[in-house]
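Residue -6 is where the sequence shown starts when you use my numbering, and the numbers rise one by one after that.
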Amino acid sequence: MDTLISVGTSAALIWSLVALFFGTAGDRGVVHPFELTISRSDGLGHIYLGVAAGVITFVLLGRYFEKTSTRQAGAALRALLELGAKEVSILRNGKEERVSIDELSVGDEFVVRPGEKIATDGVITSGNSAIDASMLTGESVPVEVSVGDTVAGATVNAGGRLVVKASRVGSDTQLAQMAKMVEDAQSGKAEIQRLVDRVSGVFVPIAIAVAVAALGAWLMAGFPVSAAFTATVAVLIIACPCAMGLAAPTALLVGTGRGAQMGVLIKGPEVLESTKKVDTIVLDKTGTVTTGKMTLTDVLPAEGVDRDQLLRIAGGLEDYSEHPIAQAIAAGATAQVGELPAPESFDNIEGKGVQGVVDGHAVVAGREALLADWSMHLDEELKAAKQAAESEGKTAITVGWDGQARGVLVVSDQIKPTSAEAISQFKDLGLTPVLLTGDNQTVAEQVAAEVGITEVIAEVLPKDKVDVVARLQGEGKVVAMVGDGVNDAPALAQADLGLAMGTGTDVAIEAADITLVRGDLRAAADAIRLARRTLRTIKQNLFWAFGYNSAAIPIAAFGLLNPMLAGAAMAFSSVSVVSNSLRLRRFKAKADNQNTPADSAPVPAREPAQV
C-alpha cells in the first residue's frame, strides 16, 4: 500500500511540476476544463496536484482513525497494577504502622481489616475470615481462610481481622505475574497482515509492469519521449485510488458506530480478520455463562416449620452479616417475605456462621457443625436434601433456633437466562463452544449440559487459563475467548479474538479485542456477526476502490486519459465506498429481536459448596 501511494503521488507531483514549469500547463490563459471524454492530449498541458493531495489526505485520515483506536494498548497493564493496595499496616514491635506498599518486604507481618485489600501474597499467621478473590479468580464464592492458609495480593478480606506474613512482594506476586502474562500474550500475538496490503501486493506490480510496458511500447513505436512519459505517468496516477484510503476506515467507523449502539465495542481493524477465521469459542463460566452473583435458590423447611417464618428469621439474622452468602439469603428473603426483623443480638462465628436473637428466638445459621455445637441435628429428610444440593455444587446453609434444626437454605450462582440461546447462536456461526472453569468436572458438566455445551475443561487454575488457550491454538484451532475477570486477561490477550464482558473488570476489558457493554452473552454472537459483516464490507469497498481505476489503466496506457476522467473515476469510487459502508447502519442484533423477560426465572448454576 505504501509503495502504491508513494509511486502514484510522486508521479503526480513531479509530472505536475514539470508541466507547470517546462510544459504549457503554466502558460497564461491556460485552463483545465471539466470534460469527461476519452481523447489523446499533450501530457505537458495538464497537472495532477489535486490527485496527489487527495490521495494523501484520505490515506492519512484513515491511518489516524486506526491509530486512535489502538493508542491504549498498554492500558491493560496499568489497570492490573492499579488493582493492588497502595498502603499497608505493618506490625512493628507489636504496633501497627501505616506505610506505603513499597516499604513492605518479605517476612514482614501486616494487618488486614474487614473490607481492606490484602497488600501482597502471604501466609495467615492470625485470624479467620472469608476472602473475596473474585477480582483475581472470577469466582463469586468467597473462600474461607484461617491460620496457615495462603492468600493473594489484591484480594479483599470480607470477614474478620487477619495478620498476614508477606511471602512475595513486588514483581514476584501473583498479580504482577498476571500482568507479565498479559504483556507477553499481547506482544507475542502475530500482527494480522492488512487486507489492503495483500491486494496491493498483487495490484502494484501489475500497475508498474503496465506503466513500464506502456513506456517501452510508445518509444518503440517512434512516438516522442514526452508522449511516452505522459502515458507512463498517467498509468501510475490512475493506479493510485483515493478510495483505497477510505475502504477500511469508513467501513470500520460505520461498523464500530453501529456496534457501539448495540453495546459492542470493536478496538481496531485487525480484529475483523480474526472473527472470520475463528472456529472455537472458549467461555469462562462465572460472570459469563452465569451471573457471577450468589442468589437464594431454594428454601427447605423442616417438618412443621412455616416456610415464611424460616425466611424471616434466617434472613433477619443474615442481614447483619457482610458475608456475600449471607447477603444473598437476606436479599432473597426480603424479596419473598418483605421487611425483615432486626436481630436483638448478633455474633459472627468466624469460619462457621452467625448466631443471635431474632423475634425472641435464639437463632444459629451456618455450617452443620455450628448447629451441632448447639446440639441441633438435621433430620434424615433435611440431611438428604442438603447432601443433594451440595452434590450439585450448590451451597447449603443450615438454620436452627430454640434447640432444633428448622431448615436448610440453598444458595448458588445462576445461569443467565440468555446463555443457552447464545450458545445456539455460536453453533449457527460455525463455532465450537468450550466451557472453561476452575470448578470440579461434575459441576462444570452440569452447567454445560443446561446451556448446550458438549466440551468442558474444568478444574483449571486461574493462571493456567492462558495455557489452555495456547494448547487449543497448538491443535490448529482459531480461538475466541469470552471472559470477565482479571484472571481472564492473559487468556483474552493470548486468544486470536478476545471478548470481554463489560460487566467485568477493567483489566479484562483492556486486554480484549471486543468489549460487550451488556452482560448478555448473546452480544458476543452479535459482535462476531457484525465484525464479519464489516470485514465483508471492507472487501467490497476494495473491489470498488480498485475496480474503476483498474478499468481506466488501459485507457491511460494508450494515452487517452483525460485528467477530469481520472478525477471522476476517483470521486465515483470514493462515493461507492462510502455508500456501501453506510449500509452497515442497518445491521440488526439478534439479541434485540428476542424479548427476554426481565423477571424470567434464571436457571440455577452450580458452585462448589463453601461457606
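Idealized CB from N, CA, C, for every residue including glycine.
Asked	Found
Phe222 burial status per 10 Å Cβ neighbour count (16 or more: buried)	buried
Alpha-carbon spacing of Val99 relative to Arg161, whole angstroms	6 Å
Through-space distance from Val226 to Ala550, alpha-carbon basis	9 Å
Whole-angstrom distance between Arg251 and Thr(-4), CA atom to CA atom	33 Å
Own chain, CB closer than 7 Å to Asp101, minus 5 neighbours either side, in chain order	Ile83, Ala159
Whole alpha helix (DSSP H) elements within the stretch 388 to 475, 4-residue minimum	412 to 421, 434 to 444, 458 to 467
Closest by C-alpha distance to Leu647, when choosing among Gly469, Ile322, Asp340	The chain is shown from -6 up to 604; residue 647 falls before or after that span and cannot be answered.
Exposed unless 16 or more other CB atoms sit within 10 angstroms - verdict on Ser3	exposed
Top-ranked residue by Cα proximity to Arg576, from Ala147, Glu80, Lys88, Gly248	Gly248
Beta-carbon gap between Ile390 and Thr283 smaller than 7 Å	no
Entirely enclosed alpha helix (DSSP H) segments - the stretch 279 to 346, minimum 4 residues	300 to 311, 317 to 330
Rounded separation between Val347 and Gly359 - CA only	6 Å
Distance between Met474 and Gly512 (C-alpha atoms, nearest Å)	15 Å
Closest by C-alpha distance to Glu96, when choosing among Leu454, Ala112, Val105	Ala112
Supposed close pair Leu528, Leu246 - CB separation, criterion 8 Å	Actually they do not touch by this definition, with Cβ atoms about 14 Å apart.
Helix, strand or coil at Thr508 [DSSP, three-state]	strand
CB of Ala204 within 7 Å of CB of Leu229, strictly	yes
Where Val99 sits in the DSSP three-state scheme	coil
Between the CA atoms of Lys345 and Val392 - distance to the nearest angstrom	12 Å
Asn433 burial status per 10 Å Cβ neighbour count (16 or more: buried)	exposed
Sequence-distant residues of the same chain with beta carbon closer than 7 Å to Thr166, five excluded per side	Thr113, Asp114, Gly146
Val449 beta carbon less than 7 Å from that of Leu428	yes
Burial state of Glu296, where buried means 16 or more other Cβ atoms lie within 10 Å	exposed
Burial state of Thr411 (16 or more Cβ within 10 Å)	buried
Segment limits, beta strand (DSSP E) that includes Arg85	80 to 85
Gly7 classed as buried or exposed, judged by whether at least 16 other C-beta atoms fall within 10 angstroms	Strictly speaking, residue 7 in this sequence is Ile, with Gly absent from that position. When all chains shown are included, Ile7 counts as exposed.
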